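Below: the structure, in structure tokens.
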Amino acid sequence: MAEPAKPLTMDTIVSLCRRRGFVFPSSEIYGGLGSTYDYGHYGVLMKSNIRALWFRAMVQERDDIVALDSAIILNPRVWEASGHVAGFTDPLVDCRTCKLRFRADQLELASCGRKPSKRPGETPDCDLTEPRQFNLMFETHVGALQDESSTAYLRPETAQGIFVNFKNVAQLARRKPPFGIAQVGKSFRNEITPGNFLFRLREFEQMEMEFFVPPADADAWYRYWIDARRRWYLDLGLRGQNLRIREHGADERSHYSLATSDLEYLYPIGWQELEGVANRGEYDLTQHTRESGTKLEWIDQDGTRYTPYVIEPAVSIDRIMLAFLCDAYDEEVVGDRERVVLRLHPRVAPVKAAILPLVPRDEGMAGRARELYEELRRHYVVEHDESGQIGRRYRRQDEIGTPWAFTVDEQTLEDETVTVRDRDSLAQERLPISGVREWLDDALERAWSSPHSG
Ligand code: GAP
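Set out below in structure tokens:
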């Protein structure tokens, strides 16, 4: 199969997502809200698959990680202790001429407000202010009073909810280091360089795992998690040529980090961070011990006390979803027709199979297809489609990444078999209708890789 002829653009993905109801701009009828999106039916299904696959790898299939779901609004002292109130900032500059605001450290990626558009600062008319720090946390107020004493924040990361629960979990979960706490939930950041679709959102769903280890083992665990997370993406079919690891230089690491590596994906906007893996050392537990007065430490059976180091793989479902969509998008000509196909790993695909009567107005075929659909939907998300020509129905499923279509035809009524069509190879085979469920179970367990893997 030939590689797609044109380079993939973000607009192509945005338009597919819109057309097929994966993702919409939020509150669109009021003109939308920058960098905020709503997920439609297929987007919700795909997100829930990604969440479940992460949870399975991080919690269900391990003995050493437990789950947590902490509140979004925490005591504001959490964010003072963590360093977010003082330091979770981006440097901003304003242009006095075009009145736009830019990130001072990303001027090369921005366009100034006048036409023809140039980089901010590039024309003699540009009049940029000195950079000043802008805090990315969203503020709110808790209770009836709206003054400084009631100020609280929407969490900018899920991690702090884990650190402040360290003692609770360590006591109750009957685990000793090395052990981890995993959490999935919304985080909020007042990002000032909006754009790039799901890549940088103001409201996103993070999946973070804090792994508490004896300090002497921290580096080995840091390497272990970089490798484990890389393998997770490859096992889910992300193409190796589009995924790389980049270790941060000392000057770009966050204030808490002893070492950080990004798993970068080659998005249409270039190589960008998909997931970060950091060695946070003892920073967070020490800070919260100091500020709260509660000792967040580990006491071994022999009485040895220490503050565990933390290794943290952190990612958002939104960035994973964008990477999977970009990696899967393909256009090809089959016969004399062009088709758009999402070559998603079957476990990631929103719909696992379509059940299609070849001739919908034939009562026999329609009835048999409906029966099969009703049996399969008890186990999997499947679709039953009886509108339009069969070719058009196949293409609709290709565009949302459905890996298989079962077609009920004349022969079904004679010998109780159906055809199964493979999304990627377009190969068709016949199988007994009574074996479809088992066939699907097996197919979803099989390894899958993109036909374009290099
Ligand atoms: N607890 C560490 C932490 O939050 P981060 O590098 O700021 O570190 C971790 O964020 C991950 O969260 C990123 O690798 C990315 O996947 C995701 N993420 C961060 N900001 C995001 C945003 N504005 N929109 C979508 N995803 C974001």
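At position 300 of the sequence shown the residue is numbered 300 (the numbering used here), and the sequence of numbers has no breaks.
Think of the CB as a built atom: it goes at the ideal place given N, C-alpha and C, for glycine as much as any other residue.
None of the values given here were measured: they were computed from a predicted structure.
Residue i Cβ short of 7 Å to ligand 1 heavy atom set
i, result
"phenylalanine 212", "no"
"valine 315", "yes"
"alanine 159", "yes"
"glutamate 282", "no"
"arginine 155", "no"
"leucine 8", "no"
"phenylalanine 204", "yes"
"arginine 430", "no"
"leucine 274", "yes"
"aspartate 147", "no"
"leucine 201", "yes"
"aspartate 38", "no"
"aspartate 64", "no"
"leucine 239", "First, the residue type needs correcting, since residue 239 is arginine and not leucine in the sequence shown. No."
"arginine 230", "no"
"arginine 189", "yes"
"glutamate 312", "yes"
"aspartate 105", "no"
"arginine 253", "no"
"glutamate 264", "no"
"glutamate 383", "no"
"glutamate 208", "yes"
Counterpart residues of residue i in DSSP-defined beta bridges
i, result
"phenylalanine 138", "According to DSSP, phenylalanine 138 bridges with nothing at all."
"threonine 419", "Thr407, Arg430"
"serine 261", "Glu247, Val277"
"phenylalanine 24", "Asp38"
"tyrosine 267", "Gly270"
"alanine 353", "Val382, Trp404"
"glutamine 133", "Pro91"
"threonine 151", "His141"
"leucine 128", "Cys95"
"isoleucine 299", "Arg305"
"arginine 337", "Val334"
"leucine 342", "Tyr329"
Residue burial classification, residue i (beta-carbon count within 10 angstroms, cutoff 16)
i, result
"aspartate 300", "exposed"
"alanine 2", "With a pLDDT of only 49 at alanine 2, under the threshold of 50, the placement of this residue in the model should not be trusted; the figure read from the coordinates follows. Alanine 2 should be labelled exposed."
"alanine 71", "exposed"
"isoleucine 355", "buried"
"aspartate 147", "exposed"
"lysine 115", "exposed"
"isoleucine 311", "buried"
"leucine 172", "exposed"
"alanine 86", "exposed"
"serine 82", "buried"
"arginine 174", "exposed"
"aspartate 398", "buried"
"leucine 201", "buried"
"phenylalanine 179", "buried"
"proline 215", "exposed"
"isoleucine 245", "exposed"
"leucine 238", "buried"
"glutamine 160", "buried"
Residue i: CB within 7 Å of a non-hydrogen atom of ligand 2
i, result
"aspartate 318", "Summarising the ligand content, the structure contains ligand 1 and does not contain ligand 2."
**Prompt:** What are the complete beta strand (DSSP E) segments, minimum 3 residues, inside the segment 86-121?
**Reply:** 89-94, 101-103
**Item:** Complete runs of the alpha helix (DSSP H) confined to the segment 153-213 [at least 4 residues]
**Value:** For the segment 153-213, whole alpha helix (DSSP H) runs of length 4 or above, ordered along the chain, are 159-163, 166-172.
**Request:** Enumerate, from N- to C-terminal direction, the unbroken alpha helix (DSSP H) stretches of 4 or more residues contained entirely within the segment 31-74.
**Result:** Correct list: 41-55.
**Prompt:** Where are the beta strand (DSSP E) runs, 3 residues long or more, that stay fully inside the segment 301-335, in chain order?
**Reply:** Runs of the beta strand (DSSP E) inside the segment 301-335: 309-316, 329-334.
**Asked** Which runs of the beta strand (DSSP E), 3 residues or longer, sit entirely within the segment 361-408?
**Response** Runs of the beta strand (DSSP E) inside the segment 361-408: 382-384, 404-408.
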